[in-house]
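**Q** Quick one: the structure is below, and I'll ask about it shortly.
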Amino acid sequence: MATRQDSPRVTAARWDPFRDLEDVYERVGQLMDAFGGPGRAMPAPLADLEETDDAYIVDIDLPNVRRQDVDLEMRDNVLRVSGEYKERRRSGMVRRRNRRSGPFEYAIALPGDADPENVNATLFDGTLTARVGRSSASRPRRIEVKGS
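Residue 1 is where the sequence shown starts when you use the UniProt record's numbering, and the numbers rise one by one after that.
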């Protein structure tokens, strides 16, 4: 017989149907872009979006891209990263080339609680990590229950 102490702890999370729709919209957009849809003229680097209690963290693969070759901006809750993959000079004949070169662009619409005044980014080991803070009004807070 399971006692109260043996029962697994279940954390209730708020379900946001609009967040699910945003995810579907983003995935459909990525699929369209992969097949050369009209939404994007430049190739987009691979990226992940992570949501924490206080921030949105976007990790973008930018191998062999230097910090000075990347631009990052946020406008209307859209984080946009652009830059250029530069081809290195070679002394021999290139027999096969699979690496990208030329301009790139990645844009992602973040939820309304993203704070455009609280953004920082680092580029380390070929990964650009952009951290966009969330407004404090959207963070969960503990409410004390009073009683007799």
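Glycine is no exception: its CB is placed at the ideal position from the N, C-alpha and C atoms.
What are the start and end residues of each continuous beta strand (DSSP E) run of 3 or more residues lying completely inside the UniProt domain "SHSP" (37 to 148), in chain order?
**A** Whole beta strand (DSSP E) segments, 3+ residues: 47 to 51, 55 to 61, 70 to 75, 78 to 85, 102 to 109, 114 to 124 and 127 to 134.
**Q** Decide if Val-132 is buried, meaning its Cβ has at least 16 other Cβ atoms within 10 Å, or exposed.
**A** Buried is the call here.
**Q** Contact defined as beta carbons within less than 8 angstroms: I believe Val-70 pairs with Leu-79. What is the distance between those atoms, to the nearest angstrom?
**A** Not quite, the Cβ-Cβ distance comes to about 13 angstroms (not below 8 angstroms), so this is no contact.
**Q** For Arg-89, is the classification buried or exposed, using 16 other Cβ atoms within 10 angstroms of its Cβ as the cut-off for buried?
**A** Exposed, because fewer than 16 other Cβ atoms sit within 10 Å of the Cβ of Arg-89.
**Q** Just to confirm before moving on: does the CB-CB distance between Ala-109 and Glu-51 stay below 8 angstroms?
**A** Not closer than 8 angstroms, so no.
**Q** Please state whether the Cβ-Cβ distance between Pro-45 and Ile-60 is less than 8 angstroms.
**A** Cβ atoms of Pro-45 and Ile-60: closer than 8 angstroms.
**Q** Using the C-alpha atoms, what's the distance from Val-94 back to Ser-135?
**A** Distance between the alpha carbons of Ser-135 and Val-94 is about 50 angstroms.
**Q** Apply the 10 Å Cβ neighbour rule to Gly-102 and answer buried if 16 or more other Cβ atoms are within range, or exposed otherwise.
**A** Classification of Gly-102: exposed, given that the 10 Å Cβ count is below 16.
**Q** Are the beta-carbon atoms belonging to Val-119 and Ala-130 less than 8 angstroms from one another?
**A** Cβ distance < 8 angstroms, so Val-119 and Ala-130 count as in contact.
**Q** From Leu-123 to Arg-19, what does the alpha carbon distance come to, in whole angstroms?
**A** Between Leu-123 and Arg-19, the C-alpha separation is close to 28 angstroms.
**Q** What's the call for Val-112, buried or exposed, on a 16-neighbour Cβ count within 10 Å?
**A** Rather than Val, the amino acid found at residue 112 in this sequence is Gly. Burial call: exposed.
**Q** Is Gly-147 buried or exposed, if buried means 16 or more other CB atoms sit within 10 Å of its CB?
**A** Counting Cβ neighbours within 10 Å, Gly-147 comes out exposed, since fewer than 16 surround it.
**Q** What separation, rounded to the nearest whole angstrom, lies between the Cα atoms of Leu-128 and Lys-86?
**A** Each residue's alpha carbon lies about 16 angstroms from the other.
**Q** Can you grab the Cα-Cα spacing for the pair Ala-114 / Asp-76, in whole Å?
**A** So the two alpha carbons sit approximately 10 angstroms from each other.
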